[in-house]
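K.L.:
Before I ask anything, here is the structure I am working with.
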Amino acid sequence: PLNCGIVGLPNVGKSTIFNALTSAKAAAANYPFCTIEPNTGIVTVPDPRLDKITEFVKPNRTIPTTMEFIDIAGLVEGASKNEGLGNKFLGHIRATDAVVHVVRCFSDPEVVHVAGGVNPLHDIDIINTELLLADLDTVEKRFTKAERAAKNTSDSKLKAEAACLSKLLEALQAGKPARTVELTEEEKPIARDLFLITAKPMLYVANVDDSGLAGGNEWVDAVEKRAAEENSQVVRICGALESEIAQLEPAERTEFLKEMGLTEPGLDRLIHSAYRLLDLITYFTAGVQEVRAWTIRRGTKAPGAAGVIHSDFEKGFIKADCYHCDDLFTYGSEQAVKEKGLLRSEGKEYIVKDGDILFFKFNV
Ligand code: GDP
Numbered sequence: 002p003l004n005c006g007i008v009g010l011p012n013v014g015k016s017t018i019f020n021a022l023t024s025a026k027a028a029a030a031n032y033p034f035c036t037i038e039p040n041t042g043i044v045t046v047p048d049p050r051l052d053k054i055t056e057f058v059k060p061n062r063t064i065p066t067t068m069e070f071i072d073i074a075g076l077v078e079g080a081s082k083n084e085g086l087g088n089k090f091l092g093h094i095r096a097t098d099a100v101v102h103v104v105r106c107f108s109d110p111e112v113v114h115v116a117g118g119v120n121p122l123h124d125i126d127i128i129n130t131e132l133l134l135a136d137l138d139t140v141e142k143r144f145t146k147a148e149r150a151a152k153n154t155s156d157s158k159l160k161a162e163a164a165c166l167s168k169l170l171e172a173l174q175a176g177k178p179a180r181t182v183e184l185t186e187e188e189k190p191i192a193r194d195l196f197l198i199t200a201k202p203m204l205y206v207a208n209v210d211d212s213g214l215a216g217g218n219e220w221v222d223a224v225e226k227r228a229a230e231e232n233s234q235v236v237r238i239c240g241a242l243e244s245e246i247a248q249l250e251p252a253e254r255t256e257f258l259k260e261m262g263l264t265e266p267g268l269d270r271l272i273h274s275a276y277r278l279l280d281l282i283t284y285f286t287a288g289v290q291e292v293r294a295w296t297i298r299r300g301t302k303a304p305g306a307a308g309v310i311h312s313d314f315e316k317g318f319i320k321a322d323c324y325h326c327d328d329l330f331t332y333g334s335e336q337a338v339k340e341k342g343l344l345r346s347e348g349k350e351y352i353v354k355d356g357d358i359l360f361f362k363f364n365v
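Numbering (UniProt numbering), first residue to last: 2 to 365.
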């Protein structure tokens, strides 16, 4: 599954948020989530549409879709220069699909701040600089080689590689993340092969206290301003509060949120933001045995979507019966949707939409 690495300076609340994410009591007993390793957790993606489909179809079981979060602790100033530990942390980040960057926007004299005082922009700069330096190192090494190789050749591939690396180098040297570099279709796969950290989509989590949650504070304002300049998103979360909410039974949780004047846990917002950040969408399968949500990348065609269930479904794909969950909500049953002529048969080229309900036909 696709995953998000959680990074940030020590003591900003990463573990608190990670633990709340992965320990939250599920809304239904068979929601499959767990902590795989100490630092990796599977999180279910809350989706009211799945609950609604369940009400209509009344299956034996309902299974939500999931995503993975990894708590990447230990990133500190100088990590990119530190051969041992620093490289290990950066290696973990390199293996993730997206980065969630937690910044401290709460003051608490009990919680030591590693950089002297609460200053989220300063913290952001420290972390982003380490990530940038790590990428710069990667690109510089490759560029030296590629430039040499491109010199006395007419091979357009080698020339494209050198050109791509040169663009990336220029940006990184100017302190700009790789994700800001505009690449041609030819250059994109070259850049992808570098696994650059600053090319990954990133969002900020502003870890605030209760009062900052609703009203914000000067630190959150600063983070939001910075994020807007970078075209990134910010999710406001109170880590301490989320870890309390996570301990509650579903019924108590609803009550507690209402008392706090909140409509959903901050963690749900974080999960949804991460989902969007990864450009993911959900389709459903809805039979009487099982109603289930599945995750695909936006733009995936029907056979690829089938492949998420089983590789045989993709290999033997014939067609997919398809309708949208909104049609089910409007007309009340698959039969009624069919009678309205809204159940279609889609082929190999069909691009699956968010909220589609699919039934695959395939050869075995
Ligand atoms: P990490 O090093 O980034 O993983 O940080 P931790 O999650 O271990 O948190 C560091 C300390 O900050 C712990 O003592 C937490 O209880 C505390 N902490 C985390 N989130 C909050 C918060 O929202 N408000 C307050 N006041 N303390 C928090």
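Even for Gly, the Cβ is constructed at its ideal location relative to N, Cα and C.
Helix, strand or coil: how does DSSP classify Ile94 here?
P.N.:
Looking at Ile94 - three-state DSSP - the assignment turns out to be helix.
K.L.:
Hey, how far is the Cα of Phe90 from the Cα of Ala96?
P.N.:
Rounded to whole angstroms, Phe90 to Ala96 spans 10 Å at the Cα level.
K.L.:
Using a Cβ-Cβ cut-off of 7 Å (strictly less than) and excluding sequence neighbours within five positions of Thr41, which residues of its own chain qualify?
P.N.:
Result list for Thr41: Glu69, Ile71, in chain order.
K.L.:
If you measure from the CB of Phe107, is any heavy atom of the ligand GDP nearer than 8 Å?
P.N.:
Within the cutoff, so yes.
K.L.:
Buried or exposed, going by whether 16 or more other CB atoms sit within 10 Å of the CB of Glu245?
P.N.:
By the 10 Å Cβ count, Glu245 comes out exposed.
K.L.:
Is it buried or exposed, Gly6, if we count other Cβ atoms within 10 angstroms and call 16 or more buried?
P.N.:
With 16 or more other Cβ atoms within 10 Å, it is buried.
K.L.:
Looking at the strands, I want to know which residues DSSP matches up with His325.
P.N.:
Answer by DSSP bridge pairing, in chain order: Asp357.
K.L.:
Measure the C-alpha to C-alpha separation of Met203 and Tyr276 and round it to an integer number of angstroms.
P.N.:
If I take the Cα positions, the gap works out to 11 Å.
K.L.:
Can you tell me where the alpha helix (DSSP H) with Glu315 in it begins and where it stops?
P.N.:
From DSSP, the alpha helix (DSSP H) with Glu315 extends over 312 to 316.
K.L.:
Return yes when the Cβ of Cys326 is within less than 9 Å of the Cβ of Phe360, no when it is not.
P.N.:
Contact: no.
K.L.:
Pull up the distance between the alpha-carbon of Arg105 and that of Leu184, whole angstroms please.
P.N.:
Rounded to the nearest angstrom, the two C-alpha atoms are 34 Å apart.
K.L.:
Ends of the beta strand (DSSP E) at Arg293?
P.N.:
Looking at the DSSP string, the run of the beta strand (DSSP E) that includes Arg293 is 291 to 298.
K.L.:
On a Cα-Cα basis, can you pick out the residue from Ile64, Glu171, Val119 that is closest to Asp52?
P.N.:
Checked all of Ile64, Glu171, Val119; the closest Cα to Asp52 is Ile64.
K.L.:
Can you name, in chain order, every residue of its own chain whose Cβ lies under 7 Å from the Cβ of Gly300, other than the five neighbours on each side?
P.N.:
Cβ within range, chain order: Ile352.
K.L.:
Let me check understanding here. Comparing Cα to Cα, which of His102, Pro121, Thr17 lies closest to Ser108?
P.N.:
Ranking the options by Cα distance to Ser108, first place goes to Pro121.
K.L.:
If the criterion is Cβ atoms closer than 9 Å, does the pair Lys201 and Glu188 meet it?
P.N.:
For Lys201 and Glu188, no; Cβs fall outside 9 Å.
K.L.:
Cβ of Val8 within 9 Å of Cβ of Ile128?
P.N.:
A contact, by the Cβ cut-off of 9 Å.
K.L.:
Give a yes or no on whether the C-beta atoms belonging to Ser16 and Ala99 are separated by under 9 Å.
P.N.:
Not a contact, by the Cβ cut-off of 9 Å.
K.L.:
DSSP three-state call for Thr55: helix, strand or coil?
P.N.:
Thr55: helix per DSSP, three-state reduction.
K.L.:
Report the residue from Lys316, Glu265, Ile319 whose alpha carbon sits nearest the alpha carbon of Val46.
P.N.:
Of the listed residues, the one whose Cα sits closest to Val46 is Glu265.
K.L.:
Mind the definition here: the region 305 to 318 touches the region 332 to 347 only if three or more C-beta pairs lie below 8 Å; say whether that holds.
P.N.:
The region 305 to 318, when compared against the region 332 to 347, does not touch it at the 8 Å Cβ threshold.
K.L.:
Per DSSP, Gln234 forms a beta bridge with which residues?
P.N.:
Partner(s): Leu204.
K.L.:
Taking just the CA atoms, how far does Ile319 sit from Lys259?
P.N.:
Roughly 48 Å separates the two Cα atoms.
K.L.:
Give me whichever residues DSSP pairs with Lys362 in a beta bridge.
P.N.:
Answer is Lys320.
K.L.:
According to DSSP, Thr67 sits in a beta bridge with which residue or residues?
P.N.:
According to DSSP, which records beta bridges pairwise, Thr67 is partnered with Thr45.
K.L.:
Among Phe57, Asn88, Ala241, whose alpha-carbon lies nearest the alpha-carbon of Ser212?
P.N.:
Per the Cα distances, Ala241.
K.L.:
Can you name the residues that DSSP bridges to Glu347?
P.N.:
In DSSP, Glu347 forms a bridge with Ala321.
K.L.:
Any idea what DSSP makes of Asp269, helix, strand or coil?
P.N.:
Asp269 falls in the helix class under three-state DSSP.
K.L.:
Hey, would you say Phe363 sits closer than 9 Å to Gly317, going by beta carbons?
P.N.:
A contact, by the Cβ cut-off of 9 Å.
K.L.:
Please go through the same chain and pick out, in chain order, the residues whose beta-carbon is closer than 6 Å to the beta-carbon of Glu162, but skip the five residues on each side of it.
P.N.:
Correct list, in chain order: Ala147, Ile191.
K.L.:
Just to confirm, are Asp136 and Leu76 a CB contact at a threshold of 9 Å?
P.N.:
For Asp136 and Leu76, no; Cβs fall outside 9 Å.
K.L.:
With a threshold of 6 Å on Cβ separation, who are the neighbours of Val236 within its own chain once the five nearest residues in sequence on each side are excluded?
P.N.:
Closer than 6 Å at the Cβ level, and outside the excluded window around Val236, lie Val206, Arg270, Leu271, Ser274.
K.L.:
Among Asp124, Gly92, Gly117, Glu231, whose alpha-carbon lies nearest the alpha-carbon of Val103?
P.N.:
It is Asp124 whose Cα lies nearest to the Cα of Val103.
K.L.:
CA-CA distance, Ile238 and Glu225?
P.N.:
In a straight line, the C-alpha of Ile238 is about 13 Å away from that of Glu225.
K.L.:
Please say whether Arg62 and Gln290 have beta carbons closer to each other than 9 Å?
P.N.:
Cβ distance < 9 Å, so Gln290 and Arg62 count as in contact.
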